[in-house]
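Remarks on the structure that follows.
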Amino acid sequence: MMPINLAVQNFSLTSLSGEVQVVKFVNALLEVAVKERASDVHIEPLEKITRVRLRIDGFLCTAVEVPRNVHNAIVSRIKIISGMDIAEKRLPQDGRVQLVVLERKVDLRISTLPVINGEKVVIRILDKSQTLLELENLDFTKGNLDIYRRLINLPHGIILLTGPTGSGKSTTLYATLQKLNSVTKNIITIEDPIERTIDGINQIAVNTKAGLTFATGLRSIVRQDPNIIMVGEIRDAETARIAVQAALTGHLVFSTLHTNSAVGAVTRLLDIGIEPFLLAAALRGVVAQRLVRRICIDCQKQYETSEMELTALGCDTCESFKLNKGSGCENCNHTGYKGRIAVQEVLEITPVLQKAIIQGAEENVLLKLASDAHFTSLSDDCREKVLTGKTSVEELMRIAYC
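Counting from 1 along the sequence shown, just add 622 to a position and that's the residue number in my numbering.
What follows is the structure, encoded as structure tokens:
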């Protein structure tokens, strides 16, 4: 990305014009971040400068570097708009603010952290003006989409979405709830925080200071005659046990976990104390997903694959063939990529897998049984999207080792 011209070289912290320039800088920075589709802004005090980086399509890139002596003024401005204590610099703080930036409603979640050269600030940007995606637009292959549709229309059970932070789990969950939203169903969620609001769905925000946790909220939800429950994340054994019990008593429960694979979600729940026979009875399916960068359609071109790429694609014995890649242009900041797509694996808990879970089968055994039933792994799904020109071998290699 080219450095962003924010006209900050002449800040004067002792004059009114300096204060005005700080305000203008922060406003301009947020505008650039929203325009460039950044998910996070990092403001970092280094020894001689303050570096500002944006996370775009999962990767950090430097946006601008400003004089070190204006760092405190920038941090103070951000603390003011997010309701933090500007005098407290020794402890981490969290804040939140809703703004309109470039005519878009954005929710900013702000975190400060004292580091060796001052306070580091990270701003997470949630663009609430974006319309909710339909399930059909979440990059599921036809086979995976058919399985997932079947799972979400079951009358009861647990369906889990798993993956690291920033893998699109919330987007998939909201699209799912939107699909299921109906006047004939009582849908209740408990989230931390509520990232998107959906009309017709009862959404609860976790409030730990008031004693409202995922576990306590879930206990109350099951007394509210729900058809469908969404728990933002299963973080502990208590929440897991209540979710399993809710699924076994006639509710359809959605939640998320942080595991590397779909079968990893099964072993994680067993590890935190869920009895195998209860898990086998309650769990209906797991979707593991990642986000990979999409090849820029404005500068994509074809090239001949190398031997290493053929190996990565599982085509060791194939002759070289052509794939797409982005050559870099103004529209993609010369990266060759613009936007991201999801790659998924969808694990349906079949009677064979239920029996294996009850018998305490290891993760590799569960994976073998799933593969025998034509389970498509994350790597296989990504490989298919490489071959259809949506993403690159480079992205395939990246998710294969994360």
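All residues carry an ideal CB built from backbone N, CA and C; glycine is no exception.
These figures come from a predicted structure and were not determined experimentally.
- Look at Leu-760 here: in three-state DSSP terms it is coil, with no helix or strand label.
- With a cutoff of 8 Å on beta-carbon distance, Ile-820 and Leu-905 are scored as not near each other.
- In the structure shown, Glu-984 adopts coil according to DSSP, grouped into three states.
- Beta-bridge annotation (DSSP): Ala-964 is paired with Leu-913.
- For the options Ile-696, Val-719, Glu-666 and Ile-894, the alpha carbon positioned closest to that of Ile-856 is the one of Ile-894.
- Non-local beta-carbon contacts of Gly-982 in its own chain, meaning distances under 7 Å to residues more than five positions away in sequence, involve Pro-898 in chain order.
- When C-alpha distances from Tyr-925 are compared across Arg-916, Arg-912, Leu-945 and Ala-837, the shortest belongs to Leu-945.
- Bridge partners of Cys-683 according to DSSP: Leu-676.
- Counted as a single uninterrupted DSSP element, the alpha helix (DSSP H) harbouring Ser-792 occupies residues 791-802.
- Rounded to the nearest whole angstrom, the CA to CA distance from Val-853 to Gly-961 is 28 Å.
- Bridge partners of Thr-878 according to DSSP: Leu-783.
- In this structure, the straight-line span from the alpha carbon of Ala-869 to that of Leu-891 is close to 14 Å.
- Assigned with DSSP and collapsed to three states, Leu-735 falls in strand.
- For Lys-1007, the enclosing alpha helix (DSSP H) begins and ends at 1000-1009.
- Asp-761 is not a Cβ neighbour of Ala-887, given a cutoff of 8 Å.
- In this structure, the beta-carbon distance from Leu-840 to Thr-811 does not fall below 8 Å.
- Using a C-beta cut-off of 8 Å, the stretch 733-744 makes contact with the stretch 660-680, since at least three inter-stretch Cβ pairs fall below that distance.
- In this structure, the alpha-carbon of Gly-822 lies about 36 Å from that of Thr-1013.
- Rounded to the nearest whole angstrom, the CA to CA distance from Gly-872 to Arg-731 is 36 Å.
- In the three-state DSSP reduction, Asp-994 falls in the helix class (H, G or I).
- Our two residues, Val-909 and Ala-709, have alpha carbons roughly 45 Å apart in a direct line.
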